[in-house]
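A quick write-up on the structure given underneath.
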Amino acid sequence: MKSPVHRCRDVEHGRGLGGAGGGTTCLQTEQRIPISKDVITSTSASAMWFIRDACGIVCAIITWLLVFYAEFVVLFVMLLPSKNLTYSIINGTLFNTLAFLALASHLRAMCTDPGAVPKGNATKEYIESLQLKPGQVVYKCPKCSSIKPDRAHHCSVCKRCIRKMDHHCPWVNNCVGENNQKYFVLFTMYIALISLHALVMVVFHFLNCFEDDWTKCSTFSPPATVILLILLCFEGLLFLIFTSVMFGTQVHSICTDETGIERLKGETGKWGKVPCREAMQVAFGGPFSLSWCSPFSGLSCKRGPVEHITVPQGEIIEEDVIEIPLD
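Written out as structure tokens, the structure reads:
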């Protein structure tokens, strides 16, 4: 839901709207033009989205390795040597299910277009094709030469403007934006759950080993078992705190209909906010159901006909603030 912004705007890149004397000139009633989602995603919706950032790729690999380490300790140090078969089956099934959902959510958050705006569409021909009304104002991003839709921000890592960009997360090697926020929320939730589950199992395993012979509660030597459990405990506690905070922050951002970068820049309250329930439905793809917890909802192996929207070509407009009609 977009609404006109009645304000005197200072352009984001620091270029004032005043005259040579330094005075600030108030533009007439203006509106940042919301470009339809079909136009925004048409250039990359059918392509694989992956950011080639060395730091992000390393962080993503580390994330998977840490999950695999937890998997190794839980299975081979705690569950398989356990004498209680029922305990091992229940906890093994639960932990592996949560770990699988966490990695699937991470993969979808990493490989889903977060809502990137096509580069280089700030041309006179493209703006005229939008059929805007006289007096309306659109803004060009000086870094990627794209027309910035409402609530879009430029990411220096992705090198694109992203709709409803919350932040760039190196752990998923992607921006968290309009199209992949659900998967990031699920990723933080499932990581927090497996961290909590691992911590509970470590506590029970320590108690059982203290009561029993250490050589019988693990196939590893007692020193190796203690070291592996302590490392898992440290990892679980660290990630439980981190992901729980991130999960709460993301849910709060969705419910208040404002992103982290909008709060940081003081841009809150400049658009028509939607109620929490409606915002959650938009972010998670419909009314509340079990599909909210699934990173596979909306995923299909079938490829339908892709509608390519032709963007009129032309020279990039030099101005960063463009008022309709164009001269």
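First residue of the sequence shown: 0, per numbering that gives the first Met the number 0; consecutive thereafter.
Built from N, CA and C at the ideal position, the CB exists for glycine as well.
Since the model is a prediction, treat every value here as computed from it, not as a measurement.
Quick one: Cα of residue i to Cα of residue j, how far?
i: Lys264; j: Ser252; result: 14 Å
i: Ser145; j: Thr111; result: 20 Å
i: Ile56; j: Cys208; result: 39 Å
i: Gly284; j: Ile226; result: 43 Å
i: Glu29; j: Glu257; result: Model confidence at Glu29 stands at a pLDDT of 46, short of 50, so the residue's coordinates are unreliable and nothing is read from them.
i: Ala151; j: Val137; result: 12 Å
i: Glu127; j: Gln280; result: 34 Å
i: Ser62; j: Phe99; result: Reading off the sequence, residue 62 comes out as Thr, not Ser. Going from the Cα of Thr62 to the Cα of Phe99 covers about 13 Å.
i: Thr96; j: Gln135; result: 51 Å
i: Val156; j: Ala197; result: 34 Å
i: Val66; j: Pro286; result: 31 Å
i: Val175; j: His167; result: 6 Å
i: Ala121; j: Ile315; result: 5 Å
i: Gly247; j: Tyr86; result: 31 Å
i: Cys254; j: Lys272; result: 10 Å
i: Cys154; j: Pro113; result: 11 Å
i: Asp52; j: Leu78; result: 38 Å
i: Glu234; j: Glu70; result: 12 Å
i: Leu84; j: His204; result: 14 Å
i: Val250; j: Val244; result: 10 Å
i: Gly297; j: Lys82; result: 42 Å
i: Lys36; j: Tyr125; result: Caution applies to Lys36, whose pLDDT of 46 falls short of 50 and renders its modelled position unreliable; the value that the coordinates give is listed next. Distance between the alpha carbons of Lys36 and Tyr125 is about 16 Å.
Rounded C-beta distance between residue i and residue j? I'm assuming under 8 Å.
i: Cys140; j: Lys147; result: 5 Å
i: Pro80; j: Cys216; result: 6 Å
i: Ser194; j: Leu239; result: 4 Å
i: Ala103; j: Val171; result: With 8 Å as the limit, Ala103 and Val171 do not qualify as a contact, their Cβ atoms being about 12 Å apart.
i: Val201; j: Leu228; result: 5 Å
i: Cys54; j: Pro169; result: 5 Å
With DSSP as the reference, please indicate the residues paired to residue i in a beta bridge.
i: Asn362; result: Here the chain has residues from 0 to 326 only, and residue 362 is not among them.
i: His153; result: Cys160
i: Tyr138; result: Lys147, Val320
i: Ile414; result: Because residue 414 is not part of the residues shown, which for the chain are 0 to 326, the question remains open.
i: Ala115; result: Ile161
Would you mind stating whether residue i and residue j have Cβ atoms separated by less than 8 Å?
i: Phe183; j: Ala108; result: yes
i: Arg159; j: Lys123; result: no
i: Val73; j: Phe219; result: no
i: Ala282; j: Lys181; result: yes
i: Ile190; j: Ala115; result: no
i: Ile328; j: Met188; result: No statement about residue 328 is possible, as the shown extent of the chain runs from 0 to 326 and does not include it.
i: Leu185; j: Cys292; result: yes
For residue i, does the count of other Cβ atoms within 10 angstroms reach 16, so buried, or fall short, so exposed?
i: Ala223; result: exposed
i: Gln130; result: exposed
i: Phe94; result: buried
i: Phe295; result: exposed
i: Ala101; result: buried
i: Glu277; result: exposed
i: Glu177; result: buried
i: Thr92; result: exposed
i: Met0; result: Here Met0 scores only 39 on pLDDT, less than 50, and its place in the model should not be relied on; the value that follows carries that caveat. So Met0 counts as exposed.
i: Thr23; result: With a pLDDT of 35 at Thr23, under the threshold of 50, the predicted position of this residue should be treated as unreliable, though the coordinate-derived value follows. Thr23 is exposed by the Cβ-count criterion.
i: Glu317; result: exposed
Can you check whether the C-beta of residue i is within less than 8 Å of a C-beta belonging to chain C?
i: Ala108; result: Note that chain C does not occur in the displayed structure, where there is just one protein chain.
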